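So the sequence shown is residues 1 to 82, counted in UniProt numbering. To start, the structure itself, in structure tokens.
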Amino acid sequence: MIESLSLRFVDSHRVGFIDYIVHPLWETWADLVHPDAQEILDTLEENRDYYQNLIPLSPLTKEAPNSELAAAAEKIQFHITS
């Protein structure tokens, strides 16, 4: 149970890291230095989608200690726009 929850949080952290750190840096680099880098950005978005799909829709079960956190987590969604 704990290992399963731990993996869920790792996957959600990967998605957040891509959304807020990696993707903006690569977008800026592509715009300023190498405008033909769309293939790299496409691969990055595919990787992000892969990790997003590993996260279950309900990240915490009723056995988890904080049901309020689970309810809040279900409301949060991220979308990449370009």
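Virtual Cβ for every residue (Gly too), placed ideally from N, Cα, C. If you're wondering where the values come from, they're calculated on a predicted model, not measured in any experiment.
Between which two residues does the alpha helix (DSSP H) carrying residue i extend?
i            : result
leucine 41   : 38–54
aspartate 31 : 23–32
Could you round the C-beta distance between residue i and residue j to whole angstroms and report it? I think they count as a contact, below 8 Å.
i             : j           : result
isoleucine 80 : arginine 48 : 7 Å
Is residue i near residue j, with beta carbons less than 8 Å apart?
i          : j             : result
leucine 44 : tryptophan 29 : no
leucine 54 : aspartate 11  : yes
valine 15  : glutamine 52  : yes
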